[in-house]
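Chemist:
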Amino acid sequence: MQPLDDMRNDFTVISGSSHPEVDGGHSASVSWLTGAPHPGDAGFRNSISIDQLAARQIGLQTRFATRQMGTGISISPNGVKVPGSPYAVRHFNDMFIEGRPDQKAKQIERLKEGRSVLDTVLAASKRMQQRVSRQDRRKLDEYFAAVRDAEQSFQKSEQWQNKPKPMVDAKPPNQIQNRTQVMQRAKLFYDVMFLALQTDSTRLMTYVVNDGVYVPVVSGVSQNYHNLSHHGQDLEKIKQLSIVEGEYLKLFGDFIRRLKETQEDGSNLLNRTMIVLGSHMHDGLHNNQNLPIIFAGGGFKHGQHLAFDQKNNMPLCNLYLTMLQRLGLEIDQFASSTGTLKGLELASA
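Offset between the sequence shown (1-based) and the working numbering: plus 3.
1) For Gln-64, which of Gln-313, Gly-46, Thr-205 has the nearest alpha-carbon?
2) Keeping to the same chain, check which residues put their C-beta closer than 7 Å to that of Thr-183; ignore five residues upstream and five downstream.
3) Specify the secondary structure class of Gln-266 as computed by DSSP and reduced to three states.
4) By DSSP's criteria, Lys-84 is part of a beta bridge. Which residues make up the other side?
5) Please determine, among Thr-69, Ala-58, Gly-82, the residue with the shortest C-alpha to C-alpha distance to Gly-46.
6) Rounded to the nearest angstrom, how far is the Cβ of Ile-297 from that of Phe-14, given a contact under 8 Å?
7) Closer than 7 Å by C-beta to Trp-35: which residues in its own chain qualify, once you throw out the five before and the five after it? Chain order, please.
8) Between Phe-258 and Asn-271, what straight-line distance do the alpha-carbon atoms span, to the nearest angstrom?
9) Check whether the stretch 309–319 touches the stretch 14–30, taking contact to mean three or more Cβ pairs, one atom from each stretch, closer than 8 Å.
10) Between the Cα of Lys-174 and the Cα atoms of Ser-222, Ser-225, Arg-93, which residue gives the shortest distance?
11) Pull the bridge partners of Ala-310 from the DSSP assignment, please.
12) On the three-state DSSP scale, how would you describe Ser-328?
13) For Ile-297, does the three-state DSSP call read helix, strand or coil?
14) Using only alpha-carbon positions, find the residue among Gln-178, Leu-252, Ala-199 that is nearest to Lys-168.
15) Taking the alpha carbon of Asn-96 as the point to measure from, which residue in Pro-295, Gln-187, Met-208, Asn-177 has its own alpha carbon closest?
16) Relative to the C-alpha of Lys-242, which residue among Leu-252, Gln-226, Gly-256, Lys-253 is closest?
17) Assuming Leu-56 contacts Gly-256 under a Cβ cut-off of 8 Å, what Cβ separation, rounded to an integer in Å, is found between them?
18) May I ask you to report which of helix, strand or coil DSSP gives Arg-182?
19) Using CA coordinates, which residue listed in Val-16, Arg-188, Gln-5 is at the minimum distance from Gly-346?
20) Under the assumption that Ile-78 contacts Leu-327 (Cβ atoms under 8 Å), give the Cβ distance between them as a whole number of angstroms.
21) Going by DSSP in three states, Tyr-228 sits in which element: helix, strand or coil?
22) For Gln-60, which of helix, strand or coil comes out of DSSP?
23) Could you confirm whether any beta carbon from chain B is found closer than 8 Å to the beta carbon of Asp-335?
24) Which of the three DSSP states is assigned to Leu-114 in this structure?
25) For the stretch 184–223, which segments carrying the beta strand (DSSP E) assignment without a break, of at least 3 residues, lie completely within its bounds, in sequence order?
26) What would DSSP say about Val-92, mapped onto helix, strand or coil?
Structural data, given as structure tokens:
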């Protein structure tokens, strides 16, 4: 935690939390933002992720409702993974590079065609609704909801096509093809995420660091992160693992530090942003309990360690519910939550 020493009053460490009944080692990653149980089972069906639920209320206020950095771990209301992009430059271009007038016109035409197709499909589905069973009708209702979300997205995209994108004092990031430059690639994503928040281009982002099978270009490290995490108490592997995780924490620290230094509406951007840093596994033994969590920003009282029962874990969704309520959603449960997160309070004005 040394790379974050100067920011200790701006984040809370949470231990003794997990998602009840979420197991399966690596497969649990798909449930990290949803809390959906037993992701490794054959009949598993995921549920909506916290960012996608929040997007339904605040996503229409920005050009992009959400952005999925890296491979993406966002899940749609129908339990489908929302695709991301592993290249920071694509996100930068989408948010800050203006298209030519002819490109904009073509995009608007494509959006109108998409809405027309949706209208046709929706009309046919409504006619079918009267002739299906109750169970199939429930599935159709879910489908209608997805179509309405898509239609709303089309309408929003049309409106934003004629609005200028924000200008930023930054050049498009290089597209680093060398996957061993793990930290350099991660820094590009943090830079783009900072610009996205600074310009209010989106208020909801997820970011997955998924370069664990590559040996990072870091002094003193000769193995990839995945192998180091399976250290088997080997002291040399533990040493190298600490170096890699220290580099990741430096990048995270730089990110929240920049947010804190950026003034916005009489406060700073970190106070107006909530950030969760964590993993779906506790260690290299594929344990999905006692997850390591850092929660930063949001105007909460920080500088603390909330330690919950190591055997009877606090549902991680209690934190998610707290975040959703802080965003203004009038809900009293999210997935496996049993209430809001105890010990996490708003800072006094």
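Glycine residues also receive a C-beta, built at the ideal position from the N, C-alpha and C atoms.
These numbers were taken from a predicted model, which means no experiment stands behind them.
Modeler: In short, the structure shows the following:
1) The residue from Gln-313, Gly-46, Thr-205 with its alpha-carbon nearest to that of Gln-64 is Thr-205.
2) Excluding residues within five positions, the ones whose Cβ falls inside 7 Å are Tyr-217, Val-218, Pro-219, Val-220.
3) Note: Gln-266 maps to strand in three-state DSSP.
4) Partner residues in the beta bridge of Lys-84, as assigned by DSSP, are Ile-78.
5) Selected option, being the one with the closest Cα: Gly-82.
6) Confirmed, Cβ separation roughly 5 Å.
7) Ile-76, His-283.
8) Per the coordinates, the alpha-carbon of Phe-258 lies some 13 Å from the alpha-carbon of Asn-271.
9) By the C-beta criterion, the stretch 309–319 is judged to be in contact with the stretch 14–30, since at least 3 inter-stretch pairs fall below 8 Å.
10) The candidate whose alpha carbon is nearest that of Lys-174 is Arg-93.
11) According to DSSP, which records beta bridges pairwise, Ala-310 is partnered with Ser-18.
12) Strictly speaking, residue 328 in this sequence is Gln, with Ser absent from that position. For Gln-328, the three-state secondary structure derived from DSSP is helix.
13) When DSSP states are grouped into helix, strand and coil, Ile-297 belongs to the strand group.
14) For Lys-168, the closest alpha carbon among the candidates Gln-178, Leu-252, Ala-199 is that of Ala-199.
15) Nearest of Pro-295, Gln-187, Met-208, Asn-177 to Asn-96, Cα basis: Asn-177.
16) Closest by C-alpha distance to Lys-242, out of Leu-252, Gln-226, Gly-256, Lys-253, is Gln-226.
17) Not quite, the Cβ-Cβ distance comes to about 29 Å (not below 8 Å), so this is no contact.
18) When secondary structure is reduced to three states using DSSP, Arg-182 falls in the coil class, being assigned neither helix nor strand.
19) Across the set Val-16, Arg-188, Gln-5, the C-alpha of Val-16 shows the shortest separation from the C-alpha of Gly-346.
20) The beta carbons of Ile-78 and Leu-327 sit about 15 Å from each other, so the pair does not count as a contact at 8 Å.
21) Residue state, collapsed to three classes: helix.
22) DSSP places Gln-60 in helix when its eight states are reduced to three.
23) Looking for chain B here will not work: only one protein chain is present.
24) The pLDDT assigned to Leu-114 is 49, lower than 50, so where the model puts this residue is not dependable; a value taken from the coordinates is nonetheless given after this. Helix.
25) Taking only runs of at least 3 residues, the beta strand (DSSP E) segments lying wholly in the stretch 184–223 are 208–210.
26) In the three-state DSSP reduction, Val-92 falls in the helix class (H, G or I).
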